[in-house]
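Down below is the structure, laid out as structure tokens.
2 protein chains.
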Amino acid sequence: MIGNHLFIGIDIGGTNTKGGLVSRDGTIVAEKTIPTGAFKPAEYTLNQVVSLIHELTRMAEGSGLVTGIGIGAAGQVDFESGIYIEGPNVPNWKNIRVALEIEKIVNKPVILDNDAHLAALGEYTYGAGRGVSNMLMVTIGTGVGGGLILDGRLYRGKKYTAGEFGHTTIRYDGPVCACGRKGCVEAFIGKQAILKRVQEKLVLDRTSLLHRIPADEMEPRHVGEAAAQGDEIARNILRETGEFLGIGLANVANLLNIEKAVIGGGVSYAGEWIFQSARERLAKEALKVPRETIQVVHAALGNKAGLTGAAHLAMDFFDHLD
Amino acid sequence: MIGNHLFIGIDIGGTNTKGGLVSRDGTIVAEKTIPTGAFKPAEYTLNQVVSLIHELTRMAEGSGLVTGIGIGAAGQVDFESGIYIEGPNVPNWKNIRVALEIEKIVNKPVILDNDAHLAALGEYTYGAGRGVSNMLMVTIGTGVGGGLILDGRLYRGKKYTAGEFGHTTIRYDGPVCACGRKGCVEAFIGKQAILKRVQEKLVLDRTSLLHRIPADEMEPRHVGEAAAQGDEIARNILRETGEFLGIGLANVANLLNIEKAVIGGGVSYAGEWIFQSARERLAKEALKVPRETIQVVHAALGNKAGLTGAAHLAMDFFDHLD
Chain G
3 MIGNHLFIGI
13 DIGGTNTKGG
23 LVSRDGTIVA
33 EKTIPTGAFK
43 PAEYTLNQVV
53 SLIHELTRMA
63 EGSGLVTGIG
73 IGAAGQVDFE
83 SGIYIEGPNV
93 PNWKNIRVAL
103 EIEKIVNKPV
113 ILDNDAHLAA
123 LGEYTYGAGR
133 GVSNMLMVTI
143 GTGVGGGLIL
153 DGRLYRGKKY
163 TAGEFGHTTI
173 RYDGPVCACG
183 RKGCVEAFIG
193 KQAILKRVQE
203 KLVLDRTSLL
213 HRIPADEMEP
223 RHVGEAAAQG
233 DEIARNILRE
243 TGEFLGIGLA
253 NVANLLNIEK
263 AVIGGGVSYA
273 GEWIFQSARE
283 RLAKEALKVP
293 RETIQVVHAA
303 LGNKAGLTGA
313 AHLAMDFFDH
323 LD
Chain X
3 MIGNHLFIGI
13 DIGGTNTKGG
23 LVSRDGTIVA
33 EKTIPTGAFK
43 PAEYTLNQVV
53 SLIHELTRMA
63 EGSGLVTGIG
73 IGAAGQVDFE
83 SGIYIEGPNV
93 PNWKNIRVAL
103 EIEKIVNKPV
113 ILDNDAHLAA
123 LGEYTYGAGR
133 GVSNMLMVTI
143 GTGVGGGLIL
153 DGRLYRGKKY
163 TAGEFGHTTI
173 RYDGPVCACG
183 RKGCVEAFIG
193 KQAILKRVQE
203 KLVLDRTSLL
213 HRIPADEMEP
223 RHVGEAAAQG
233 DEIARNILRE
243 TGEFLGIGLA
253 NVANLLNIEK
263 AVIGGGVSYA
273 GEWIFQSARE
283 RLAKEALKVP
293 RETIQVVHAA
303 LGNKAGLTGA
313 AHLAMDFFDH
323 LD
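Order-wise, the sequence lines are chains G and X.
Residue numbers for the first sequence follow my numbering, so the first one is 3 and each next one is one higher.
Residue numbers for the second sequence follow my numbering, so the first one is 3 and each next one is one higher.
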């Protein structure tokens, strides 16, 4: 199998950095996770990524040749130049020439992009978005991220920041979002918004199963578990969350006439209640054709979407070089 | 000049149908307008379009050769097959094979698209959107239409209905829109919304210049004229309209990171007050990079954007055939 082309995908997170050795068909041949060291000096994180690449390259020996490397990170990336401008997960990276610096050391071509874009690319190529040409990927966690595939290609926008579905408002005088704006989708469906609604409802209730979970340990998945056991408070919270998601998706459906909304991230594991009511509300809110065109589905690649998408980006760019 | 390639662009409106003979550089060499006859049988309107094409072809004689014909109409168009499915302006056209029927008669290639898409293509190619790769065209009249150019190409979406900016909500429990949904941009900035606010404010006022215009003759341009003469009520109404527009545009800026929002249509003639406050509100609402990327500008082609875009579409598709 020597000569088989392999690609490295790296997903830099706030706590951990995941790396994978990926074959042309999207199979993750080998994997490794290391700490990001996000609050250490900029060089530290850069070195961590380099050593992850070295290790994955060694793991490739015997089964194939590493042809290129794709890296995804949350935040503002200048895609064209491979510069990481700034972002929340690696606060000490300010205008760092990530692609160039790493290329010099590992002596292989490196490409850098925003992590939400790459998650969309991963789901589109190997996951829940296979076979469509137009989709929105939404990742619901503490933040609500998004990435767009339009006419069969990753759509980045002029300065590469497109996809911020979480920061589209659905009520201009609604709750304040982490971004400062009011009524963003994130301020309605992000993890903090859900947990806040949980505590508000528990004050008025004595019987919910959610009383068993201390407030500071509560996670969206607990709400999902309680809903599955028939807890009405939990079900209502998830239904509401789904309705807000559906309203936001109707905007994207009307504006972009997409075929799929692929929903992933921690909050999506809270279960079917969110999806059900998102689909119902979307069907009420979107125009006829966009409503008939769009499907709301679960992401398929879990937390591997980012690294698989990163590897695929490298494939797209470097497969012809070797 | 015989042999020069010319293209016919047709814009089918609810009252009139405009046709133009357009050269490769976007110059309208000749023009003619005829009644659409929208409420007559389907064949009538089809024949009107055919006779307009014949007449424009005759007008081309001596100066060039008509190479192809582009037609735009409001409503749902199946772009791939050239079928007009349904729409408000020509209610008797239901699943009419417009492109095919006309091709058979005029013996030249015909292409059909949605009018808002073609207005976007016109402004992008020859008007206010020249030189950018990503833009939204917004036409504010009774309805609020939209078209998108993304990565340098007209973006239609899966079933060709993309661009419905007017039907993105900015307040999910806001005023009811003509589409049935609540809080759509159209329900805040469309002509009817503006005129309703005028009458509401006049009830509480005795001095506004707008009292001189009978309610049933009031048009957005009267509000623009009163604002220009210093009328505070008129100015406030236009400022509010601009703020709502700015909120809607911030959603598109965050989602698509576009370079320009090109604003046209009757309401846009109400003047600079709308634009000023739209820009200010957009700057407050959009994320940093999208905010720095986007410009809000006046459309440049007036009511010729649609026919010029239609001619350009024909150029794109048929220029190689002859």
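Think of the CB as a built atom: it goes at the ideal place given N, C-alpha and C, for glycine as much as any other residue.
CA-to-CA, the gap between residue 274/X and residue 239/X works out to about 12 Å.
Each residue's CA atom was taken as its position, placing residue 85/G and residue 119/G some 16 Å apart. In the DSSP annotation of this structure, residue 189/X is not part of any beta strand (DSSP E); the continuous alpha helix (DSSP H) holding it starts and ends at 187-191. Ranked by Cα distance from residue 251/X, the first of 24/X, 298/X, 114/X is 298/X. Following the DSSP letters along the chain, one finds residue 263/G inside the beta strand (DSSP E) bounded by residues 262-266.
With its beta carbon less than 9 Å from one in chain G, residue 161/X belongs to the interface. Residues of the segment 77-110 of chain X with a C-beta atom less than 7 Å from some C-beta of chain G are 78, listed in chain order. For residue 202/G, the three-state secondary structure derived from DSSP is helix.
Taking residue 154/G as the centre and dropping the five residues before and after it, the same chain places the C-beta of 135 closer than 7 Å to its C-beta, in chain order. Interface residue (Cβ-Cβ distance to chain X less than 9 Å): residue 251/G is not classified as such.
Per DSSP, reduced to three states, the secondary structure at residue 84/G is coil, with no helix or strand assignment. Residue pairing by DSSP puts residue 116/X in a beta bridge opposite 75/X.
Within chain G, 256, 289 have C-beta atoms less than 7 Å from the C-beta of residue 169/X, given in sequence order. DSSP places residue 295/X in the helix class (H, G or I) of the three-state scheme. DSSP places residue 61/G outside any beta strand (DSSP E); the residue lies instead in the alpha helix (DSSP H), whose first and last residues are 44-62. Distance between residue 288/X and residue 284/G, taken at the CA atoms: about 24 Å. Around the CB of residue 270/G, 16 or more other CB atoms lie within 10 Å, so the residue is classed as buried. For residue 317/X, the uninterrupted alpha helix (DSSP H) run begins and ends at 307-320, by DSSP.
From the listed residues 249/G, 280/G, 194/G, the smallest Cα separation to residue 218/G is found for 194/G.
Neighbours of residue 166/G in chain X, taken as residues whose beta carbon is under 7 Å from its own, are 256, 257, 289 in chain order.
Between residue 74/X and residue 10/X, the C-beta spacing is not below 9 Å. Taking 9 Å as the cut-off, the Cβ atoms of residue 50/G and residue 38/G count as close. Among the CB atoms of chain G, none fall inside 9 Å of the CB of residue 144/X. Taken atom to atom, the span from the alpha-carbon of residue 97/G to that of residue 267/X is near 42 Å. Listed along chain G are 160, each with a C-beta nearer than 8 Å to that of residue 261/X. In the displayed model, residue 18/X falls within a strand according to three-state DSSP. Between residue 260/G and residue 258/X, the alpha-carbon positions lie close to 14 Å from each other.
About 38 Å separates the beta carbons of residue 213/X and residue 256/G, which is beyond the 8 Å limit, so they are not a contact pair. Annotation for residue 112/G: 71, 101, 104, 105 place their beta carbon closer than 6 Å to its own, counting only its chain and skipping 5 residues before and after. When the beta-carbon positions are compared, residue 162/X and residue 79/X come within less than 9 Å of each other. Here residue 30/X has 22, 24 as same chain residues with Cβ atoms under 6 Å from its own Cβ, once five neighbours each way along the sequence are excluded.
In this structure, residue 8/X and residue 77/X do not form a Cβ contact; the two beta carbons are roughly 27 Å apart against a cut-off of 8 Å.
Boundaries of the alpha helix (DSSP H) harbouring residue 106/X: 100-108, taken from the DSSP string.
For secondary structure counted as the alpha helix (DSSP H) over 4 or more consecutive residues, the segment 233-283 of chain G holds these complete runs in sequence order: 234-258.
When 8 Å is used as the limit between beta carbons, residue 292/X is near these residues of chain G: 159, 161, 163, 166, in chain order.
Taken atom to atom, the span from the alpha-carbon of residue 204/X to that of residue 190/G is near 37 Å.
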